[in-house]
Amino acid sequence: VHTDNGSVFISDIFSKYLRSIKAIHERSAVFASWSNGKVERLHRDINAYIRCANRSVNLT
1 VHTDNGSVFI
11 SDIFSKYLRS
21 IKAIHERSAV
31 FASWSNGKVE
41 RLHRDINAYI
51 RCANRSVNLT
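According to UniProt numbering, the sequence shown is numbered sequentially starting from 1.
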């Protein structure tokens with residue numbers, strides 16, 4: 001599992017869960033969003049879609 005260093009991903013609960021399923025946890029370098037390029041791009045696209053959808057709702 002490859003994640004950033006968000007508090008959710010470095011929590012004890014998450015770490016215990018990953019150990020329970022025998023998953024390897026790799027973290028991105030701090031302030032290196034480019035290392036999670038695909039997911040960062042997906043987030044950008046989703047945010048753009050949400051902004052457009054909100055504008056459409058506000059027009060009616």
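Every residue gets a Cβ at the ideal spot worked out from N, C-alpha and C, and that includes glycine.
Could you have a look at residue i and say whether DSSP puts it in helix, strand or coil?
i	result
H43	helix
On the DSSP bridge assignment, give the partners of residue i in chain order.
i	result
H25	Answer is none; H25 lacks a bridge partner.
Could you pull the start and end residues of the alpha helix (DSSP H) that residue i belongs to?
i	result
D12	D12 to S20
Using the C-alpha atoms, what's the distance from residue j back to residue i?
i	j	result
S33	C52	24 Å
N36	S15	20 Å
R55	R44	17 Å
G6	L18	15 Å
residue 64	V39	Beyond the ends of the chain as shown, which are 1 and 60, falls residue 64; an answer cannot be given.
Would the stretch 3-10 count as touching the stretch 25-34 if we require 3 or more Cβ pairs under 8 Å? yes
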